[in-house]
Structures are given as C-alpha cells and as structure tokens.
Amino acid sequence: MKNSNNFTFSKNKSSNQVRIIGGELRGQKIIFSDTIGLRPTGSRIKETLFNWISQDVKNSNCLDLFAGSGSLGIESASRGAKNITMIEKDHSAYIALKKSCSRLNLKSTTIIKADAITWLNENNIKEPFDIIFLDPPFMSNLIPMCCEILERGGLLSKPSYIYIETTRHQTTATVPKNWVLLRDNLAGQVAYKLYLRN
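Heads up, the sequence shown is in the numbering used here, so the first residue is 3 and it goes up one at a time.
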C-alpha cells in the first residue's frame, strides 16, 4: 500500500486483514482500517522477529508504540505475553484495533488513543517494558526521539528488547550507545533490527 511518504507496498484492499501466525490464536484474523500509511508488518518479517524473541515473549510486558493494525502486539498476546500496551493516534485504526481485541477476547491488552511521543513524555508506567515494538510511519524521523525518551524515561526493564522497523535506506545509528544490535535483516524495502538493552 502507499504510505504518506509515497513508498508503495502491496496490500489486498478488499481484505484489510492479517493473520496471527503463532500461539493460542494462530490462524485468527486481525481486521484493520484502511488508514493512509497503515502498514502491517508482513508475515515473513513477523515470523523472523518472533523466532528471534521466542524465548522472551511469554509473561513479558510489551509496548507496541505505533500499533496500527495491532499485528505485533496481538501476536505477542497470542504467544503468552502478560501485558501489552498499544498506542495508536489515528481514530479509525484505534477503533478497528479495539474491535479486533474485543473479538479475540484479549484480556491482556490495553489500547490507548494517543500520539506516541506525547504519551512517552507524559506516561507514568507501573512496570517497565520488556519488549518494545517501534514501527512508525516510514520516513517520519520519529525513531531517534522515541529511543531517547525510552532510554531516559525509565520505561525499559533490564534486560529489554527493542524491535525497530524502517525502510532499508533509513539509519538507526542514533540509538543509545548501550543498546546492542542482536539481529538485523532486510525484506524488500524494509529493514528490521532487534536491539538488546541491558
């Protein structure tokens, strides 16, 4: 599909759905809104990511910061995450996400309609996050600011895993120096990386 920065991605506009690929809800569908710029993580990338973190998802506290379809947060719930907080500012995407979580009877998810940066700056969390998914709109330049706030704001547990998804032409060189790159890969125009923060 096209995002707001004119990158083109394939999407079946008639379906607007992605499948959960693992865990208790494997095979169930997530229905998402036809929001400009909404770009659910592809199944191939998602499978690789959850292979990387397979030993760490169960009982974890997760943050899906630019939730969109909720694909990553809901996948985490299916695989046994204890708590999943999903942040989404677009109203249509937020409503679709709430409906998906209700239909799937997910009790471990908290869905918040908010701007991600504003929420990070204002939030008083009860428990730091173990796994964070950062998949903002491509070319939005939000990743450096998100990483900085996450690091200095007491939002990360020790250890924690931070997943970052960008175009292959974007750099993540501005992540905090104490974040260690564990894995990275490319899929078409998409680059995705997993960092460890101790």
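Heads up, the beta-carbon is just placed ideally off N, CA and C, and yes, glycines get one too.
According to DSSP, is residue i helix, strand or coil?
i: F135; result: strand
i: K60; result: coil
i: T169; result: strand
i: N187; result: strand
i: S73; result: helix
i: L51; result: helix
May I ask which residues mark the beginning and end of the beta strand (DSSP E) holding residue i?
i: R81; result: No beta strand (DSSP E) holds R81; DSSP gives it neither H nor E.
i: K179; result: Element bounds for K179: n/a, residue is neither H nor E.
i: L198; result: 192 to 199
Along the alpha helix (DSSP H) that carries residue i, what are the first and last residues, could you check?
i: M206; result: Look at the range of the chain in this structure, 3 to 200, and you will see that residue 206 is not part of it.
Across which residues does DSSP place residue i in a beta bridge pair?
i: T43; result: Partner(s): none; T43 has no beta bridge.
i: E2; result: The chain is shown from 3 up to 200; residue 2 falls before or after that span and cannot be answered.
i: R28; result: Per DSSP, none; premise fails for R28.
i: S162; result: R199
i: S18; result: Checking the displayed sequence, the identity of residue 18 turns out to be Asn instead of Ser. N18 is not bridged to any residue.
i: D36; result: Answer by DSSP bridge pairing: none, since D36 is not bridged.
i: L65; result: T87, I134
Consider the Cβ of residue i: report whether some Cβ of chain D lies at a distance smaller than 8 Å.
i: T173; result: Among the chains in the structure shown there is no chain D, since it carries only a single protein chain.
>> Under 8 Å: do the segment 121 to 136 and the segment 160 to 175 share three or more Cβ pairs, one atom per stretch?
In response: They touch, by the three-pair rule.
> Of all the beta strand (DSSP E) runs that stay within the bounds of the segment 98 to 128, which reach a length of 3 or more residues?
Replying inline: Counting only unbroken stretches of 3 or more residues, the beta strand (DSSP E) elements lying wholly within the segment 98 to 128 are 111 to 115, in sequence order.
> Does the segment 93 to 109 touch the segment 20 to 35, meaning 3 or more C-beta pairs lie closer than 8 Å?
Replying inline: Taking 8 Å as the limit for Cβ pairs, the verdict is that the segment 93 to 109 does touch the segment 20 to 35.
> Per the contact definition of three or more C-beta pairs closer than 8 Å, is the segment 109 to 122 in contact with the segment 79 to 91?
Replying inline: Counting Cβ pairs under 8 Å, three or more are found: they touch.
>> Pairs of beta-carbons, one from the segment 36 to 56 and one from the segment 67 to 83, closer than 8 Å: are there three or more?
In response: Yes, the segment 36 to 56 is in contact with the segment 67 to 83.
>> Quick test of the definition: if touching needs 3 or more C-beta pairs under 8 Å, does the segment 139 to 150 touch the segment 176 to 185?
In response: They touch, by the three-pair rule.
>> Under 8 Å: do the segment 186 to 194 and the segment 149 to 156 share three or more Cβ pairs, one atom per stretch?
In response: By the Cβ rule, the segment 186 to 194 does not count as touching the segment 149 to 156, because fewer than three pairs are nearer than 8 Å.
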